[in-house]
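Q:
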Ligand SMILES: [Zn+2]
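Numbering (the working numbering), first residue to last: 33 to 543.
#1: Between which two residues does the alpha helix (DSSP H) carrying residue 480 extend?
#2: Please report the residue range of the alpha helix (DSSP H) in which residue 244 lies.
#3: Does the beta carbon of residue 96 fall short of 7 Å from some heavy atom of ligand 1?
#4: Could you check whether the Cβ of residue 473 sits closer than 7 Å to any heavy atom belonging to ligand 1?
#5: Please confirm whether any heavy atom of ligand 1 lies closer than 7 Å to the CB of residue 258.
#6: Can you round the beta-carbon distance between residue 482 and residue 45 to whole angstroms, since I take them to be within the 8 Å contact cut?
#7: Start and end of the beta strand (DSSP E) containing residue 172?
#8: Are residue 90 and residue 502 touching if we call contact CB-CB under 8 Å?
#9: Give a single yes or no on whether residue 278 has its beta carbon closer than 7 Å to a heavy atom of ligand 1.
#10: Nearest to residue 406 by CA position, among 308, 441 and 488, is which residue?
#11: Could you pull out every residue in the same chain whose Cβ sits closer than 8 Å to the Cβ of residue 291, ignoring the five residues on either side in sequence?
#12: What is the residue span of the alpha helix (DSSP H) that residue 268 lies within?
#13: Using CA coordinates, which residue listed in 63, 70 and 62 is at the minimum distance from residue 55?
#14: Under a three-way DSSP split, which group does residue 260 fall into?
#15: Going by C-alpha to C-alpha distance, which of 38, 340 and 43 sits closest to residue 514?
#16: Closer than 8 Å is the cut-off here; do at least three beta carbon pairs connect the region 206-224 with the region 191-198?
#17: Where do the ends of the beta strand (DSSP E) carrying residue 40 lie?
#18: Compute the Euclidean distance between the alpha carbons of residue 255 and residue 187, then round it to the nearest angstrom.
#19: DSSP three-state call for residue 254: helix, strand or coil?
#20: Going by the C-beta, is residue 444 closer than 7 Å to any heavy atom of ligand 1?
#21: Identify which residue in 319, 540 and 106 has its Cα closest to the Cα of residue 219.
#22: At the level of alpha carbons, what is the spacing between residue 267 and residue 303?
#23: Below 8 Å, how does it come out for the region 322-336 and the region 395-403: are there three or more Cβ pairs, yes or no?
#24: In the DSSP assignment, what are the bridge partners of residue 309?
#25: Under a Cβ-count criterion, where at least 16 other Cβ atoms within 10 Å of its own Cβ denotes burial, should residue 33 be classed as buried or exposed?
#26: Can you tell me whether residue 289 is helix, strand or coil according to DSSP?
#27: For the region 352-411, list the beta strand (DSSP E) runs that are entirely contained and at least 3 residues long, ordered along the chain.
#28: Given this structure, state the Cα-to-Cα distance separating residue 280 from residue 422, to the nearest angstrom.
#29: When the Cβ atoms of the region 533-541 are set against those of the region 104-117, are three or more pairs found closer than 8 Å?
#30: CA-CA distance, residue 296 and residue 289?
#31: What are the start and end residues of each continuous beta strand (DSSP E) run of 3 or more residues lying completely inside the region 315-352, in chain order?
#32: Counting pairs of beta carbons, one from the region 466-477 and one from the region 120-130, are three or more of them closer than 8 Å?
#33: Pick helix, strand or coil for residue 110, following the three-state DSSP scheme.
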């Protein structure tokens, strides 16, 4: 038989329960045509690749990511805990950037986390004014749920002492005079869309190339873009990036309810597109920043019902207990009005999920898309900040599994780095960066963690028939790892490197 690529002498972890291990994978065109033993090698002619005993797994599927925010992050000044450890450090970085930037041009910094800053507080406009009085500055929190503007930035945003808190947002004020402190909660996307000039064509291209490299070098071959702001123009932008080959991982694009009518008018339906770019769920952002639900329960119910009736999967962002409950109520509302068996409606994050909500989500057959790497990157913060009443219900990976919520894993990048091995490590060990344990009873096995980052991700976007495991007929999206995660000591998992990334049968990245 003729094949285009035969990977042999490999330790293949297929994610196919009927045949979990193999030694050889043959690819023709963009599909897998054979999964077998090394002795099958003689059956094939074609290019051979000796894997020297290395592990091969299905390409990672990141079930919830924000590609455009990540692109703009990669073009901004990195103020994440790996690069800065104090407000002083942030100031130094801004001084350097200000020297290179024409006056009046925005300086954008990302990734700060006040928990990891020596001063243990959010920077404020005065900290930023001190080092950049002539440039508008935006410093974005790692969570994307807060940002800080300097005085020039606030004035360009038109935010003054008189500005009321917008719906879902909170303008932090100075105690003495009520002046904005510069810290804004829940207003990050508003500022990005309405205040900061959009990235130029050139910047965007540069940013997306960096995103592409970052994903492929991490073995990520499919992503699901969860940005609520996505609309038809973004779909076209993704299509262009795909055509030019600037963005190699396969993209499933969720979008906001505001664009549902437009997609429908254009004859686009759930799953529209192809294996490269596909239309996904209607995404709902739900928060309680201002102390009450935004949107309201009624608005969420009606919006979700609209998407559900239109045949779309619903994906609800819900972090806090109150929002997880509202998500459960909204799904119950949809399904009581229009029952549907295989809806796969999703709760994104589901960070705090007490037993009563676990039961409700189970009874509506919701799926959960979780972020195991948060345990690693934010676990120490959770230990010090999450109240005792909520702590036992944090990121309950094992309970999600046991209750049939079929958890899929994701990075929520740029909120956390996109490298899945750190998430797998955290799902298996439940260890924060400092080594402290976060609910070790919620740990899952290495096999289960791998499944969450591969097959479960494709299930969460109705694509499990075409990818997510190494089986004949599926897309040849594969990753060669430096070591088998099921064989190394748990501590080593997060150090495992990706040696090769293969998308549609083509080696698109190698070390
Ligand atoms: Zn997100």
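Yeah, the Cβ is synthetic: ideal placement off N, Cα and C, and Gly gets one too.
A: Straight from the coordinates:
#1: One-based indexing of the chain shown puts residue 480 at position 448. Taken as a continuous stretch (DSSP letters only), the alpha helix (DSSP H) holding residue 480 covers 478-484.
#2: The residue given as residue 244 occupies position 212 in the chain shown. 233-249 is the span of the alpha helix (DSSP H), which, as asked, contains residue 244.
#3: Mapped onto the chain shown, residue 96 falls at position 64. Residue 96 Cβ: within cutoff of ligand 1.
#4: As a position in the chain shown, residue 473 is number 441, starting the count at 1. With a cut-off of 7 Å, the C-beta of residue 473 is classified as distant from ligand 1, since no heavy atom of the ligand falls inside that distance.
#5: Taking the chain shown and counting its residues from 1, one reaches residue 258 at position 226. Yes, ligand 1 has a heavy atom inside 7 Å of this Cβ.
#6: Stepping through the chain shown from its first residue, residue 482 is reached at position 450. Stepping through the chain shown from its first residue, residue 45 is reached at position 13. Residue 45 and residue 482 do touch by the CB rule: their CB atoms are close to 7 Å apart, below 8 Å.
#7: Looking up residue 172 in the chain shown gives position 140. Per DSSP, the unbroken beta strand (DSSP E) holding residue 172 starts and ends at 169-173.
#8: Here residue 90 refers to the residue found at position 58 when the chain shown is read from its first residue. Here residue 502 refers to the residue found at position 470 when the chain shown is read from its first residue. Yes, they are a contact pair.
#9: One-based indexing of the chain shown puts residue 278 at position 246. Because no heavy atom of ligand 1 lies under 7 Å away, the Cβ of residue 278 does not count as near it: no.
#10: Within the chain shown, residue 406 is the residue found at index 374, counting from 1. Per the Cα distances, 441.
#11: As a first step, residue 291 must be located in the chain shown, where it is residue number 259. For residue 291, where only same-chain residues beyond five positions count, the Cβ hits under 8 Å are 262, 263 and 264.
#12: Counted from its first residue, the chain shown places residue 268 at position 236. Under the DSSP assignment, residue 268 falls in the alpha helix (DSSP H) whose first and last residues are 264-276.
#13: Here residue 55 refers to the residue found at position 23 when the chain shown is read from its first residue. Of the candidates 63, 70 and 62, the one whose C-alpha sits nearest the C-alpha of residue 55 is 70.
#14: Numbered from 1 along the chain shown, position 228 holds the residue referred to as residue 260. Coil, per DSSP.
#15: Along the chain shown, one-based indexing puts residue 514 at 482. The option with the nearest alpha carbon to residue 514 is 43.
#16: Segments in contact, yes.
#17: Position 8 of the chain shown holds residue 40. Taken as a continuous stretch (DSSP letters only), the beta strand (DSSP E) holding residue 40 covers 34-40.
#18: Taking the chain shown and counting its residues from 1, the one referred to as residue 255 is at position 223. Taking the chain shown and counting its residues from 1, the one referred to as residue 187 is at position 155. Distance between the alpha carbons of residue 255 and residue 187: 37 Å.
#19: The residue given as residue 254 occupies position 222 in the chain shown. Correct three-state label for residue 254: strand.
#20: By one-based count along the chain shown, residue 444 stands at place 412. The answer is yes for residue 444.
#21: Locating residue 219 in the chain shown gives position 187, counting from the first residue. Checked all of 319, 540 and 106; the closest Cα to residue 219 is 319.
#22: What you label residue 267 is simply residue 235 of the chain shown in a count that begins at 1. What you label residue 303 is simply residue 271 of the chain shown in a count that begins at 1. Between residue 267 and residue 303, the C-alpha separation is close to 13 Å.
#23: With a cut-off of 8 Å, the region 395-403 and the region 322-336 do not count as touching, because too few Cβ pairs lie within range.
#24: Taking the chain shown and counting its residues from 1, the one referred to as residue 309 is at position 277. Bridge partners of residue 309: 283.
#25: Looking up residue 33 in the chain shown gives position 1. Answer is exposed; the Cβ neighbour count stays below 16.
#26: Taking the first residue of the chain shown as position 1, residue 289 is located at position 257. Residue 289 sits in a helix when the DSSP states are folded into three classes.
#27: As far as the region 352-411 is concerned, its whole beta strand (DSSP E) runs of at least 3 residues are 378-381 and 399-402.
#28: In the chain shown, residue 280 corresponds to position 248, counting from 1. In the chain shown, residue 422 corresponds to position 390, counting from 1. C-alpha separation (whole angstroms): 40 Å.
#29: Two segments are said to touch when three or more pairs of C-beta atoms, one from each, lie closer than 8 Å; by this definition the region 533-541 does not touch the region 104-117.
#30: If you number the chain shown from 1, residue 296 lands on position 264. If you number the chain shown from 1, residue 289 lands on position 257. Answer to the nearest angstrom: the Cα atoms are 11 Å apart.
#31: Segments of the beta strand (DSSP E) lying fully in the region 315-352: 346-350.
#32: Not touching, per the Cβ criterion.
#33: Position 78 of the chain shown, counted from the first residue, corresponds to residue 110. Residue 110 falls in the strand class under three-state DSSP.
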